[in-house]
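Peer 1: FYI, the working numbering numbers position 12 of the sequence shown as 197, with every residue one higher than the one before it. The beta carbon of each residue, even a glycine, is placed where N, CA and C say it ideally should be.
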Amino acid sequence: MKKIFITILLLLLNSYALEIKQMPIKFTQNRIDLTKEYIKNSYGLDVKDINIVPQIIVIHHTASDDLKESFDRFYPEILLSDRKYIKKAGDLNVSAQFLVDFDGTIYSLMPETYMARHIIGLNLSSIGIENVGGNKKALTNEQLKANIELVKYLKDKYKTIQYLIGHYEYMRFEKHPLFLEKDAKYRTIKHDPDSIFMENLRVNFPDLKSVKDTL
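1. To which residues of the same chain is Asn389 closer than 6 Å at the C-beta, ignoring the five residues directly before and after it?
2. Are there 16 or more other CB atoms within 10 angstroms of the CB of Phe232, so buried, or fewer, so exposed?
3. Three-state secondary structure (DSSP) at Asn339?
4. Within the same chain, show all residues whose beta-carbon is closer than 6 Å to that of Lys206, passing over the 5 residues directly before and after it, in chain order.
5. Residues bridged to Phe284 by DSSP?
6. Within the continuous beta strand (DSSP E) that includes Ile217, where are the two ends?
7. Check whether the region 232-249 and the region 294-302 are in contact - that is, three or more C-beta pairs closer than 8 Å.
8. Between the alpha carbons of Gln214 and Leu329, how many angstroms are there, rounded?
9. In its own chain, which residues sit with a C-beta less than 8 Å from the C-beta of Asp398, not counting the 5 before and 5 after it?
10. Taking the alpha helix (DSSP H) that Leu252 belongs to, which residues open and close that run?
11. Starting from the C-beta of Arg387, find all residues in its chain whose C-beta is less than 8 Å away, skip the five residues before and the five after it, and write them out in chain order.
12. What are the boundary residues of the alpha helix (DSSP H) that includes Ile381?
13. Using 7 Å as the threshold, is the C-beta distance between Asn308 and Gly275 below it?
14. Just the C-alpha distance for Glu359 and Pro209, rounded to the nearest angstrom, thanks.
15. If you follow the beta strand (DSSP E) that Ile350 is in, where does it begin and where does it stop?
16. Take Ala331 as the anchor and find which of Asn320, Asn316, Thr345 and Lys211 has the nearest alpha-carbon.
17. Measuring straight from C-alpha to C-alpha, what distance separates Arg216 and Leu252?
18. Rounding to the nearest angstrom, what Cα-Cα distance links Ile263 and Pro378 in this structure?
19. By a C-beta neighbour count over all protein chains shown, 10 Å radius and 16 as the cutoff for buried, is Ile305 buried or exposed?
20. Kindly indicate which residue of Ala369, Leu284 and Ser266 has the alpha-carbon position closest to the one of Tyr228.
21. Going by beta-carbon coordinates alone, are Gly289 and Glu254 separated by less than 7 Å?
22. Might you give, ordered along the chain, the residues of its own chain that have their beta carbon closer than 8 Å to the beta carbon of Thr373, omitting 5 neighbours on each side?
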């Protein structure tokens, strides 16, 4: 009887499917061309497509406490006019593969293995997870749970993934072979998400490397 129960439990666990809702940003040929242009300007690479081999998962917060407002920042293909400093790297708008709301709902914004502009130097090797919040509202336990589930899903799907980092840690990758940014002066200070959120997330994935493993 015990063996039957364990077998049923395993079947239930294996049949569990992470719910990811589709909320696509605008992604026409224009955005693809802008992505190729960004790769050329920032990394010095001529590419035939914008596919990536994921090796890093990067956790962000949007610095907006509203789902629609966060989504609306990513939706356009052209960088918004208030992002003047990062415009030097190209007109491609910022984005990420995923967006997680306060209640833990996970949204897919674009194909998982298309390059998103979400982190200086590491876009060609990383998948970005944006979390709504970080302005006046802190990230929630529901978001933490969703991030745990999403990281597990990605880690299981893409065996090439080795690292789990917060956006605020990216500059510590500057000497890593995966860091491709050519302009040594093109850096922005990031604080997202907070270190406690990352600690609570990382404890669930001892097999994924953190930024300290790059030193």
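Peer 2: Straight from the coordinates:
1. Closer than 6 Å at the Cβ level, and outside the excluded window around Asn389, lie Ile333.
2. First, the residue type needs correcting, since residue 232 is Val and not Phe in the sequence shown. So Val232 ends up on the exposed side.
3. In the sequence as displayed, the identity of residue 339 is Leu instead of Asn. In this structure, Leu339 counts as helix in the three-state DSSP scheme.
4. Non-local C-beta neighbours of Lys206 in its own chain, meaning closer than 6 Å and more than five positions away in sequence, comprise Tyr292, ordered along the chain.
5. One point to set straight first is that residue 284 is Leu, not Phe, in the sequence displayed. Answer is Tyr292 and Glu315, bridged to Leu284.
6. Looking at the DSSP string, Ile217 is not in any beta strand (DSSP E); the run it does join, the alpha helix (DSSP H), is Gln214 to Tyr228.
7. Output reads yes: the region 294-302 touches the region 232-249.
8. Straight-line Cα distance between these residues: approximately 34 Å.
9. Spatial neighbours of Asp398 in its own chain (CB-CB distance under 8 Å, excluding positions within 5 residues in sequence) are listed in chain order as Tyr348.
10. Unbroken alpha helix (DSSP H) run through Leu252: Leu252 to Phe259.
11. If we look at Arg387 and ignore the five residues flanking it on each side, its Cβ neighbours are Leu349, Leu393 and Ser395.
12. Boundaries of the alpha helix (DSSP H) around Ile381: Ser380 to Arg387.
13. Result no, Cβ atoms of Asn308 and Gly275 do not sit closer than 7 Å.
14. Going by the C-alpha atoms only, they are around 31 Å apart.
15. Tyr348 to Gly351 is the span of the beta strand (DSSP E), which, as asked, contains Ile350.
16. Among Asn320, Asn316, Thr345 and Lys211, the Cα nearest to that of Ala331 is on Asn316.
17. Here the alpha carbon of Arg216 sits roughly 22 Å from the alpha carbon of Leu252.
18. The alpha-carbon atoms of Ile263 and Pro378 are separated by roughly 25 Å.
19. Flag for Ile305 reads buried.
20. Checked all of Ala369, Leu284 and Ser266; the closest Cα to Tyr228 is Ala369.
21. For the pair Gly289 and Glu254, the CB atoms are not nearer than the 7 Å cut-off.
22. Around Thr373: Tyr270, Ile271 and Ile305.
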